[in-house]
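Chains as they are written, first to last, in the numbering used here: chain Y, 139 to 392; chain L, 21 to 466.
Okay, structure coming up:
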């Protein structure tokens, strides 16, 4: 589903990604771990098409197509979803209106008819229940005045409504207490499925107790230096990242 | 002779013609005196020039160099003008003035109990006392040259008198419509007198045939007696070539309340002068305003809130949306007079620039001459938040639609305050037409 080959990218004026390779197949959950500044969030942003990043070499194929050539909205319509580390507050735009516009843009792209207000509200009800988010929250302006946990839950709710093929979760666990983390992780787990791939970016192993990945990758200095199974996360938690920074980059994928 | 001199002569001819007319001959002596005094002030002071501080950022040439003949007394506006006005479908109570003159066939004056809604001529026959007390008195010599010209030359007016204690339920609609050829000037005048402890809602609309390039010189006087409340919406949706110069003068009695919603959406050049004076303690005033201009249009609001008495509160929120090479001017002056203790004044102007070539001059001003007061003001001008734009796009919403959503959200903070759904609907349509894709479909409602 996603093939990243030799990706080099700059954030502003500094080189952050320096030859990153990663393959994610449908149905797989990959965790991407690494120390601060290793390029985890940069990768998430580059994949979503956030302005301010420049790809200097390499390519990214999503379902065989050049993802980097697409505008952010075209990527989303094609099935890419980024759960933001810092969801943006948008006063005056209601969550539900915004999501309806997004849903119908994506449906139009897939050749499906628009949902009317009644159909959309039914969908919202169903998905709100699935990810345990208060329906009242859904009606408020986008993220305005939400707590940290509510913002993250709203990201997962949006993901549930938009049904992406590839979900990128950028430090979705950061700033959450254990209860909030559990709720968010439960929501994510309910959205796992054979047609959907997930790339879970995190600094802490803790999240991976709740969202158990198929593969774990360690990113250091803009490259994946080690890949393994879910047990590698525990090893990282015990030993930290420093020992990996000294090792040469591994070859290929698990 | 200077261009301004020629213009003055033209206005003088107009005044002399008017003074000799049957309209004027039927008027009471006090009104003729007020007209003469206003015209004398105009002759003495002349039209404003770019050297006047109050006109420094506004192109005056179209207003002062044009030779405006008086607009036709009997002109027929196109049907589409009326269809575009708020509440067009409900055929409710309204007074329509075409080129400043009462249009009986378009009006429906069957007002609720306690409300007199009529033309100046009729009011002079039946309701002299409140007219003599307030007409051309609420807006006085301080209101400037255009208001003086209006006082001297407006042949007719919309008059709204609310009896003490009355509180009509529905809005009172006043529609000033411009029609006929270009190069004319129409004097649109409105007087509202809200008797003690009365409450009313006024919707004042300004519209004109499209393609017409004439001047509307509007003056609205609102006298709010003790304990009374007036909420007014002004909807300015004149055609894109029109010039619109308006003065709003408001006097508040003790414990009186005034709320204004000004929507400046039309005309090539639009200038609003607002002058609110507290004349009793405990008064409250809210001025909400939204201007949206694109192309090379200009929208200018100068407001002045005079805290002449203690224990009064004022709130002012003005927002501008500017696209293309449009220009906006906001100048908000709050004066706190000596002795006006416990004044609570708050004023904010926020502007959204949708293009790199649009420009706003924003000048909030506080002039505080009392020591026990709470006053705050602020002004911000910026572009759409790129973070918010990316967030929306990352969910599949196209860039034009995302810009539209955010622009509408910026406007909705004011549109959501409107007490009248029909006005909101018209304003939303106009925003979409003024700002094109940038204003998109409604983004506020769930």
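Quick reminder that beta carbons are idealized off the backbone N, C-alpha and C, glycines included.
- Between residue 168 of chain Y and residue 284 of chain Y, the gap from beta carbon to beta carbon reaches 8 Å or more.
- Judged by their CB atoms, residue 290 of chain L and residue 105 of chain L are not nearer to each other than the 8 Å cut-off.
- For residue 334 of chain L, the enclosing beta strand (DSSP E) stretches over residues 333-342.
- At least one beta carbon of chain L lies nearer than 8 Å to the beta carbon of residue 229 of chain Y.
- The alpha-carbon of residue 184 of chain L is positioned some 30 Å away from that of residue 172 of chain L.
- Annotation: the continuous alpha helix (DSSP H) that includes residue 373 of chain Y extends over 369-377.
- For residue 373 of chain L, no Cβ of chain Y is located within less than 8 Å of the residue's own Cβ.
- Residue 441 of chain L counts as exposed, since fewer than 16 other C-beta atoms from the protein chains shown sit within 10 angstroms of its C-beta.
- Considering only L:40, L:446, L:421 and L:436, the residue with the shortest C-alpha distance to residue 237 of chain Y is L:421.
- Shortest Cα-Cα distance from residue 38 of chain L to any of L:100, L:284, L:443 and L:93 involves L:93.
- By the neighbour-count criterion, in which a residue is buried when 16 or more other Cβ atoms sit within 10 angstroms of its Cβ, residue 414 of chain L is buried.
- Taking residue 276 of chain L as the centre and dropping the five residues before and after it, the same chain places the C-beta of 244, 248 and 303 closer than 6 Å to its C-beta, in chain order.
- When the five nearest sequence neighbours on each side are left out, the beta carbons in the same chain lying within less than 6 Å of the beta carbon of residue 332 of chain Y are those of 165, in order along the chain.
- Using a Cβ-Cβ cut-off of 8 Å, residue 338 of chain Y is close to nothing in chain L; its nearest Cβ partner there is about 17 Å away.
- For the segment 151-169 of chain L, the beta-carbon criterion of a distance under 8 Å to any beta-carbon of chain Y is satisfied by none of its residues.
- Residue 197 of chain L is a Cβ neighbour of residue 227 of chain L, given a cutoff of 8 Å.
- Rounded to the nearest angstrom, the Cβ distance from residue 181 of chain L to residue 213 of chain L is 5 Å, consistent with a contact under 8 Å.
- When DSSP states are grouped into helix, strand and coil, residue 305 of chain Y belongs to the strand group.
- Neighbours of residue 198 of chain Y in chain L, taken as residues whose beta carbon is under 8 Å from its own, are absent, since the nearest beta carbon is some 16 Å off.
- Listed along chain Y, no residue sits closer than 7 Å to residue 259 of chain L by beta-carbon distance, the nearest being about 30 Å off.
- Within its own chain, no residue has a Cβ closer than 6 Å to the Cβ of residue 214 of chain Y once the five positions on either side in sequence are excluded.
- Close to residue 226 of chain Y, with beta-carbon spacing below 7 Å, are these residues of chain L in chain order: 407, 408 and 411.
- Per DSSP, the unbroken alpha helix (DSSP H) holding residue 180 of chain Y starts and ends at 178-186.
- Annotation for residue 367 of chain L: the continuous beta strand (DSSP E) segment containing it runs 364-373.
- For the options L:193, L:285, L:222 and L:232, the alpha carbon positioned closest to that of residue 206 of chain L is the one of L:232.
- With respect to chain L, the C-beta atom of residue 188 of chain Y has a partner C-beta closer than 8 Å.
- When the beta-carbon positions are compared, residue 282 of chain L and residue 254 of chain L come within less than 8 Å of each other.
- Counting other Cβ atoms within 10 Å of its Cβ, residue 335 of chain Y reaches 16 or more and is therefore classed as buried.
- Rounded to the nearest whole angstrom, the C-alpha separation of residue 248 of chain Y and residue 241 of chain Y is 11 Å.
- Contact between residue 181 of chain Y and residue 162 of chain Y does not hold, since their C-beta atoms are separated by about 12 Å, which reaches or exceeds 8 Å.
- Residue 436 of chain L is classed as exposed because its beta carbon has fewer than 16 other beta carbons within 10 Å across all chains shown.
- Per the DSSP secondary-structure output, residue 321 of chain L pairs in a beta bridge with L:292 and L:350.
- In terms of beta-carbon proximity, residue 447 of chain L stays away from the interface with chain Y, with every pair separated by 8 Å or more.
- If you draw a straight line from the Cα of residue 341 of chain Y to the Cα of residue 370 of chain Y, it comes to about 14 Å.
- Collapsing the DSSP output to three states places residue 247 of chain Y in a helix.
- Membership of residue 43 of chain L in any beta strand (DSSP E) is not indicated; the residue belongs instead to the alpha helix (DSSP H) covering 42-45.
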